[in-house]
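Trainee: Protein chains in written order, with the working numbering: chain A, 710 to 822; chain B, 149 to 258.
Quick reminder that beta carbons are idealized off the backbone N, C-alpha and C, glycines included.
Mind having a look at this structure? Questions to follow.
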Amino acid sequence: GAGVSQSPSNKVTEKGKDVELRCDPISGHTALYWYRQSLGQGLEFLIYFQGNSAPDKSGLPSDRFSAERTGGSVSTLTIQRTQQEDSAVYLCASSRDRRNTIYFGEGSWLTVV
Amino acid sequence: GESVGLHLPTLSVQEGDNSIINCAYSNSASDYFIWYKQESGKGPQFIIDIRSNMDKRQGQRVTVLLNKTVKHLSLQIAATQPGDSAVYFCAEMPGNQFYFGTGTSLTVIP
């Protein structure tokens with residue numbers, strides 16, 4: 710596609726529920742990133758995928774967070790048993806490879822009530 | 149850990165004036181830098197990048213300056229317009245990962 714596409718754009722969920730956030734990167738981009746942005750904060754790295762290599766999960770804040778990337782393209786970020794502190798914007802980004810410019814989607818705005 | 153800082157968290161400029169947004173980075177090994185613009189409710193948008201073998205790069209109405217001696221990066225916006233109002237992030241890459249600052253909020257006064 711022309712840009713990084715994320716869905717849903719907004720999600721309100723009850724505490725304790727699971728949520729899935731989807732990212733469709735730019736066609737041909739082998740690198741895919743997930744970041745989290747809380748109100749007034751910088752971007753917090755969560756996870757990185759590069760081609761068929763094992764993902765870099767070093768930024769995932771707890772074992773409630775997981776992500777997968779199927780077929781080297783679409784990625785899903787799953788948050789289990791959501792907590793109020795999970796409320797944030799979840800941004801997906803992609804790049805041709807790890808040492809190139811990363812382009813962001815519009816984000817999925819998650820609110821846990 | 150890594151840190152990328154911005155000297156001014158907020159900046160207000162008159163429409164038509166030039167804007168300068170500054171960024172101090174911490175890692176002398178960083179060799180790739182990007183400026184992003186983030187409007188309210190939207191994702192970060194790429195503005196301009198620069199690699200460490202350059203000290204200046206120009207785009208459309210924007211210029212990025214890199215001073216490796218003092219580890220300083222700046223973004224200059226010429227003839228600032230109301231549509232330039234946004235948060236601007238600096239990012240550095242010392243290895244294989246980007247590190248982002250919290251951003252500077254630019255407000256353009258009509």
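I believe leucine 769 (chain A) touches leucine 755 (chain A) by the beta-carbon criterion, under 8 Å. Please report the beta-carbon distance rounded to the nearest angstrom.
Mentor: Confirmed, Cβ separation roughly 6 Å.
Trainee: How many whole angstroms separate the CB atoms of glutamine 792 (chain A) and valine 821 (chain A), which I take to be in contact at a CB cut-off of 8 Å?
Mentor: Contact flag correct, Cβ pair sits at about 6 Å.
Trainee: Quick check on the burial criterion: 16 or more other C-beta atoms within 10 angstroms. Buried or exposed for proline 192 (chain B)?
Mentor: Classification of proline 192 (chain B): buried, given that the 10 Å Cβ count is 16 or more.
Trainee: List, in order along the chain, the chain A residues whose C-beta lies closer than 9 Å to that of phenylalanine 194 (chain B)?
Mentor: Residues of chain A passing the Cβ test: Thr810, Ile811, Tyr812, Phe813.
Trainee: Would the beta-carbon of glycine 164 (chain B) be found less than 7 Å away from any heavy atom of the ligand FMN?
Mentor: Within the structure as shown, the ligand FMN is missing, as the structure has no ligands at all.
Trainee: Anything in chain A within Cβ reach of asparagine 244 (chain B), meaning under 8 Å, just list it in chain order.
Mentor: Within chain A, the residues near asparagine 244 (chain B) are Arg807, Arg808.
Trainee: Do threonine 787 (chain A) and serine 796 (chain A) come within 8 Å of each other at the CB atom, strictly closer than that value?
Mentor: Not closer than 8 Å, so no.
Trainee: Report the residue from A:Arg790, A:Ser762, A:Trp743 whose alpha carbon sits nearest the alpha carbon of cysteine 801 (chain A).
Mentor: For cysteine 801 (chain A), the nearest C-alpha among the options comes from A:Trp743.
Trainee: Taking DSSP as the reference, what is the three-state secondary structure of glutamine 793 (chain A)?
Mentor: Glutamine 793 (chain A) falls in the helix class under three-state DSSP.
Trainee: What does lysine 190 (chain B) touch in chain A if you count any residue whose Cβ is under 7 Å from its own?
Mentor: Result: Glu815.
Trainee: Alanine 763 (chain A): which of A:Asp727, A:Arg778, A:Leu819 sits nearest, CA to CA?
Mentor: Alanine 763 (chain A) has its Cα closest to that of A:Arg778, out of A:Asp727, A:Arg778, A:Leu819.
Trainee: Taking the DSSP output, what are the residues bridged to arginine 745 (chain A)?
Mentor: Per DSSP, A:Glu753, A:Tyr799.
Trainee: Just the Cα atoms here: how many angstroms apart are alanine 239 (chain B) and lysine 720 (chain A)?
Mentor: Near 28 Å, if we compare the C-alpha coordinates of lysine 720 (chain A) and alanine 239 (chain B).
Trainee: Which partner residues of glutamate 815 (chain A) appear in the DSSP bridge assignment?
Mentor: DSSP lists no partner for glutamate 815 (chain A).
Trainee: DSSP state of serine 253 (chain B), grouped into three classes?
Mentor: It is a strand residue.
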